[in-house]
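J.: So the protein sequences, as listed, match chains Y and C.
Residue 11 in UniProt numbering sits at position 11 of the first sequence; the count goes up by one each step and never skips.
Residue 116 in UniProt numbering sits at position 116 of the second sequence; the count goes up by one each step and never skips.
Supplied in structure tokens, the structure appears directly below.
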Amino acid sequence: MNHPTSRRPGELLFNLLVLIASLFLFWQAYAIAQFSSLSSSGALPLAATSIMVISACLVLIKTIRLPLEPHVRFIRHIFPPIIGIVMALILMFAVMLEPIGFILSAAIFLFIAMTFLHRKGWVVSLGLTLVSLALVYCVFRLIFKVILPEGIIPEREIMAVISHWFSANF
Amino acid sequence: MEALSFFAISWISPQLLALTALGTFLGIYVGAIPGLSVTMAVSILISFTFSWEVNNALCLMVGVYMGGVYGGSRTAILLNIPGAPSAIATALDGYPLAQKGLAGEAIGLSTVMSVIGGFVGIFVLAVAAPFVSDFAISFQPRDYMLLGVLGIMLVGSLSGNSLAKGVLAGSFGVLIGTVGLDPLTAEERFTFGVVELWNGINPVAVMIGLFGISEALTQLHFMHKASVKQVINRIIPKWKDVKRYLPLSLQSSSVGVIVGALPGTGGDIAALMAYDYAKRTTKNPEVEFGKGAKEGLVAPESANNAAVGGAYIPMLTLGIPGDAVTAVFIGALFIHGLNPGPLLMIEQPEIFWFTVGNLTLANIFILIFGLTGIRLFAKLVECPKGVLIPIIFLLSIVGAYSINNAITDVWWMLGFGVIGYFMKQYGYQVGPVILGVILSRLIDENWRRAILSEQGNIAGFFGEAFTSPLSCVLLATIVFIFISHTPLWTRWRKNKSSKS
Chain Y
1 MNHPTSRRPG
11 ELLFNLLVLI
21 ASLFLFWQAY
31 AIAQFSSLSS
41 SGALPLAATS
51 IMVISACLVL
61 IKTIRLPLEP
71 HVRFIRHIFP
81 PIIGIVMALI
91 LMFAVMLEPI
101 GFILSAAIFL
111 FIAMTFLHRK
121 GWVVSLGLTL
131 VSLALVYCVF
141 RLIFKVILPE
151 GIIPEREIMA
161 VISHWFSANF
Chain C
1 MEALSFFAIS
11 WISPQLLALT
21 ALGTFLGIYV
31 GAIPGLSVTM
41 AVSILISFTF
51 SWEVNNALCL
61 MVGVYMGGVY
71 GGSRTAILLN
81 IPGAPSAIAT
91 ALDGYPLAQK
101 GLAGEAIGLS
111 TVMSVIGGFV
121 GIFVLAVAAP
131 FVSDFAISFQ
141 PRDYMLLGVL
151 GIMLVGSLSG
161 NSLAKGVLAG
171 SFGVLIGTVG
181 LDPLTAEERF
191 TFGVVELWNG
201 INPVAVMIGL
211 FGISEALTQL
221 HFMHKASVKQ
231 VINRIIPKWK
241 DVKRYLPLSL
251 QSSSVGVIVG
261 ALPGTGGDIA
271 ALMAYDYAKR
281 TTKNPEVEFG
291 KGAKEGLVAP
301 ESANNAAVGG
311 AYIPMLTLGI
321 PGDAVTAVFI
331 GALFIHGLNP
341 GPLLMIEQPE
351 IFWFTVGNLT
361 LANIFILIFG
371 LTGIRLFAKL
381 VECPKGVLIP
391 IIFLLSIVGA
401 YSINNAITDV
411 WWMLGFGVIG
421 YFMKQYGYQV
431 GPVILGVILS
441 RLIDENWRRA
451 ILSEQGNIAG
461 FFGEAFTSPL
471 SCVLLATIVF
481 IFISHTPLWT
491 RWRKNKSSKS
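So this is what it looks like as structure tokens:
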């Protein structure tokens, strides 16, 4: 094992939050069945959260002792703006998924994300969006019959028209 | 002779041959796509094959299962995203190999070793099924519990630079697995009064979040770096390599087939145990484990495919699923009017030998499809990150949504993605979390059964454990793994090596 010799920015806070969360979960685990019996429904949660609390304490103590890593900044190396922006885009996609449907929300997400990350102009991004969306749709919706939110596009009616057209002409 | 004729049914029928080939091909790609699980694909297959003739349906499903277990390794090697839980251990050394431009060699070697593992599993299924099932029957709840804890202890091998962080992550996984209504008493655990949490948190959502979203977010740090051009000038592994790693492959396959035969465990645990075994037994690896050691690729790949044959043993002989996919298979057999269990071997031996023959055939197709089309597949990695990463996010979201057709799973997946991202930034491994989630139920139920059988007496529990050879071995292994990861042991080893 290679033991770290320095701590990264925000690591102390993260480990502290882990400890607080572990303590909260321990309290919640205790509330399930207290220490009533070894075979109660709370036995494993209590054991797991106890180990979490002990481990979190050990990790925190170790982290406190380490010096801060030089030349590393939280906003540049741990959580740069690109991460925040992409997280916001994913969040937007998830929020829109059910109200406007898979096809439209995925198209918007892919187009914005590819334009922002690939940086080859909007025409290229649009082409890539359409190709990748068509592939994903075929695999999930048509081959694996995965039900995806329809939203505002009348997908089933369109598919019915296409299959009717195929059966009439071929 | 009769057995041989049943064995050869799918080999001589063009239709069954084609269905097995199609199933294996689909399985490889299903296994390789993060978010698409073999369990999900087999479940969906049941929905439109229930009206088929039983042999046709079985051929397609067996192919998907075998192919899917193998296929998970491809994205583990190329993208560091295991396509299936059984490929978690493969990513540990497979991805570093790809980063060195050895993706073709890694995939070629993993294919051959998977096939060897597959054959070992099938051989054991065919020859030793009654003996192994007898062995699995003798397992007590206490042994299952110890086996689960042993799985968690393996986090030591996966915990990177800190055992405490590994144990913390593993315990966190166990905790996630306990969320929802208690399966024995229906008491609420960590539900905070939310009805949606009664069914717990879906492990697939956790897996996609921790492996799909967090990895893709981490990759955003390296947008300015050119993607590694994979050197795929050699796919067929060197004979020298095959010969060299064959003993390890056979040993790992033995681990895989035994673990696979234990109900409740599957290829994921088999692969992790085999990885740990390889790490401990390989004296002087050419490359350090975790940095592209071929041993770290050979062991899990042999084990997870061997586990398929192992998982079939309790399924066909006892009617007990070895893992999630075999659970779905049992459902499929019931739909087709078959009754998997001890009587199946006596009343319908043709089904048993047909399955053995079909698994063998699917394994051969893995070799064919596995060693072809890799260049096309590896183009994924050469694909610009600005295009690939949004597609990974899209697949992850669609995969999470398709679990229950519910947005709740997407939120869980995103939440775990963010947690996983920060865990990675601060030196926590996400693998132990998944391991904990998978093993949680096994530990919980068997601990409680074991302790109830001792009337709540912990001393009686350990007393019984020490009188059973099997429990003793499991207990001793757990203690050894724990001690071997403490600073005290490391210091002792250092002192010993400096003296020698």
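Just so you know, even glycine gets a beta-carbon here, dropped at the ideal spot from N, CA and C.
Since the model is a prediction, treat every value here as computed from it, not as a measurement.
Taking Cβ-Cβ distances shorter than 9 Å, what residues in chain Y pair up with residue 285 of chain C?
T.: The residue labelled residue 285 of chain C in the question sits at position 285 within the second sequence. What residue 285 of chain C touches in chain Y: nothing, since even the nearest Cβ is about 16 Å away.
J.: Buried or exposed for residue 27 of chain C, please, with buried defined as at least 16 other CB atoms from any protein chain shown within 10 angstroms of its CB.
T.: For the purposes of this step, residue 27 of chain C is taken as residue 27 along the second sequence, with counting starting at 1. It counts as buried.
J.: Got a sec, what are the start and stop residues for the alpha helix (DSSP H) residue 236 of chain C sits in?
T.: On the second sequence, residue 236 of chain C is found 236 positions in, with the first residue counted as 1. Here residue 236 of chain C belongs to no alpha helix (DSSP H), and DSSP marks it neither H nor E.
J.: Cβ closer than 8 Å: which chain C residues qualify as neighbours of residue 99 of chain Y?
T.: Locating residue 99 of chain Y in the first sequence gives position 99, counting from the first residue. The contacting residues do not exist; residue 99 of chain Y stays about 10 Å from chain C at best.
J.: Can you find a CB in chain C that lies within less than 8 Å of the CB of residue 106 of chain Y?
T.: Counted from its first residue, the first sequence places residue 106 of chain Y at position 106. Yes - at least one Cβ of chain C is within 8 Å of the one on residue 106 of chain Y.
J.: Rounded to a whole number of angstroms, what is the C-alpha to C-alpha distance between residue 10 of chain Y and residue 215 of chain C?
T.: Within the first sequence, residue 10 of chain Y is the residue found at index 10, counting from 1. Within the second sequence, residue 215 of chain C is the residue found at index 215, counting from 1. Rounded to the nearest angstrom, the two C-alpha atoms are 20 Å apart.
J.: Report the residue ranges of all alpha helix (DSSP H) runs contained in full by the stretch 255-311 of chain C; include only those spanning at least 4 residues, in chain order.
T.: Correct list: 267-281.
J.: Could you check whether residue 307 of chain C and residue 260 of chain C sit closer than 8 Å to each other, using their CB atoms as the reference points?
T.: In the second sequence, the residue the question calls residue 260 of chain C occupies position 260. In the second sequence, the residue the question calls residue 307 of chain C occupies position 307. Their beta carbons are under 8 Å apart, which means residue 260 of chain C touches residue 307 of chain C by this criterion.
J.: Should residue 52 of chain Y be flagged as near chain C, meaning a C-beta pair shorter than 8 Å?
T.: Locating residue 52 of chain Y in the first sequence gives position 52, counting from the first residue. So, interface residue.
J.: Does the beta-carbon distance from residue 77 of chain C to residue 110 of chain C come in below 8 Å?
T.: Residue numbering aside, residue 77 of chain C sits at position 77 when the second sequence is read from its first letter. Residue numbering aside, residue 110 of chain C sits at position 110 when the second sequence is read from its first letter. Yes, Cβ-Cβ distance for residue 77 of chain C and residue 110 of chain C is below 8 Å.
J.: CB residue 478 of chain C to CB residue 150 of chain C, shorter than 8 Å?
T.: Here the question's residue 478 of chain C lines up with position 478 in the second sequence. Here the question's residue 150 of chain C lines up with position 150 in the second sequence. Going by C-beta atoms, residue 478 of chain C is nearer than 8 Å to residue 150 of chain C.
J.: Report all residues from its chain with a CB closer than 6 Å to the CB of residue 365 of chain C; omit the five preceding and five following residues, and keep chain order.
T.: Looking up residue 365 of chain C in the second sequence gives position 365. Cβ within range, chain order: 21, 24.
J.: Return the residues of the stretch 435-452 of chain C that lie within a Cβ-Cβ distance of less than 7 Å from chain Y, sorted by chain order.
T.: Hits within the stretch, in order: 443, 444, 447, 448, 451, 452.
J.: Quick one, are the C-beta atoms of residue 57 of chain C and residue 476 of chain C less than 8 Å apart?
T.: Numbered from 1 along the second sequence, position 57 holds the residue referred to as residue 57 of chain C. Numbered from 1 along the second sequence, position 476 holds the residue referred to as residue 476 of chain C. Their beta carbons are not under 8 Å apart, which means residue 57 of chain C does not touch residue 476 of chain C by this criterion.
J.: Under 8 Å, CB to CB, which of the residues in the stretch 402-413 of chain C have a partner in chain Y?
T.: Correct list: 402, 405, 407, 410, 411.
J.: My assumption, with CB atoms under 8 Å, is that residue 237 of chain C sits in contact with residue 112 of chain C. Please give the rounded CB distance.
T.: Stepping through the second sequence from its first residue, residue 237 of chain C is reached at position 237. Stepping through the second sequence from its first residue, residue 112 of chain C is reached at position 112. With a Cβ gap of about 5 Å, residue 237 of chain C and residue 112 of chain C count as contacting.
J.: Buried or exposed: where does residue 93 of chain Y fall if 16 or more other Cβ atoms within 10 Å of its Cβ makes it buried?
T.: Locating residue 93 of chain Y in the first sequence gives position 93, counting from the first residue. Counting Cβ neighbours within 10 Å, residue 93 of chain Y comes out buried, since at least 16 surround it.
J.: Just list the alpha helix (DSSP H) runs in the UniProt domain "DUF1468" (17-149) of chain Y, keeping only unbroken ones of 4 residues or longer that don't cross its boundaries, in chain order.
T.: Within the UniProt domain "DUF1468" (17-149) of chain Y, the complete alpha helix (DSSP H) runs of at least 4 residues are 43-65, 81-100, 102-118, 122-137.
J.: For a contact defined as C-beta to C-beta under 9 Å, what are the partners of residue 5 of chain Y on chain C?
T.: Walking along the first sequence from the start, residue 5 of chain Y turns up at place 5. Within 9 Å Cβ-Cβ: nothing; residue 5 of chain Y doesn't reach chain C, min ~10 Å.
J.: With respect to the alpha helix (DSSP H) encompassing residue 164 of chain Y, which residues constitute its N-terminal and C-terminal limits?
T.: Numbered from 1 along the first sequence, position 164 holds the residue referred to as residue 164 of chain Y. Counting along the chain, the alpha helix (DSSP H) containing residue 164 of chain Y begins and ends at 155-169.
J.: Considering only C-alpha positions, which residue in the set C/414, C/239, C/201, C/386 is nearest to residue 438 of chain C?
T.: Counting from one through the second sequence, the residue named residue 438 of chain C turns up at place 438. Among C/414, C/239, C/201, C/386, the Cα nearest to that of residue 438 of chain C is on C/201.
J.: Evaluate residue 455 of chain C with the Cβ neighbour count: other Cβ atoms within 10 Å of its Cβ, from every protein chain shown; 16 or more gives buried, anything less gives exposed.
T.: Position 455 of the second sequence, counted from the start, is the residue given in the question as residue 455 of chain C. Burial call: exposed.
J.: Any beta carbon of chain Y sitting closer than 8 Å to that of residue 481 of chain C?
T.: Numbered from 1 along the second sequence, position 481 holds the residue referred to as residue 481 of chain C. No, its Cβ sits nowhere closer than 8 Å to a Cβ of chain Y.
J.: DSSP beta-bridge partners for residue 180 of chain C?
T.: Working through the second sequence from its first residue, we reach residue 180 of chain C at position 180. In the DSSP output, where bridge partners are listed per residue, residue 180 of chain C has C/189.
J.: Using CA coordinates, which residue listed in C/175, C/120, C/390, C/73 is at the minimum distance from residue 220 of chain C?
T.: On the second sequence, residue 220 of chain C is found 220 positions in, with the first residue counted as 1. It is C/390.
J.: With a Cβ-Cβ cutoff of 8 Å, do residue 172 of chain Y and residue 172 of chain C count as a contact?
T.: Shown here, chain Y extends from 1 to 170; a query on residue 172 of chain Y therefore has no answer.
J.: Using the three-state DSSP reduction, which class does residue 441 of chain C fall into: helix, strand or coil?
T.: Indexing the second sequence from 1 puts residue 441 of chain C at position 441. Residue state, collapsed to three classes: helix.
J.: Quick one: is residue 386 of chain C buried, meaning 16 or more other Cβ sit within 10 Å of its Cβ, or exposed?
T.: Locating residue 386 of chain C in the second sequence gives position 386, where the first residue counts as 1. Counting Cβ neighbours within 10 Å, residue 386 of chain C comes out buried, since at least 16 surround it.
J.: Does DSSP put residue 244 of chain C in a helix, in a strand, or in coil?
T.: Locating residue 244 of chain C in the second sequence gives position 244, counting from the first residue. In this structure, residue 244 of chain C counts as helix in the three-state DSSP scheme.
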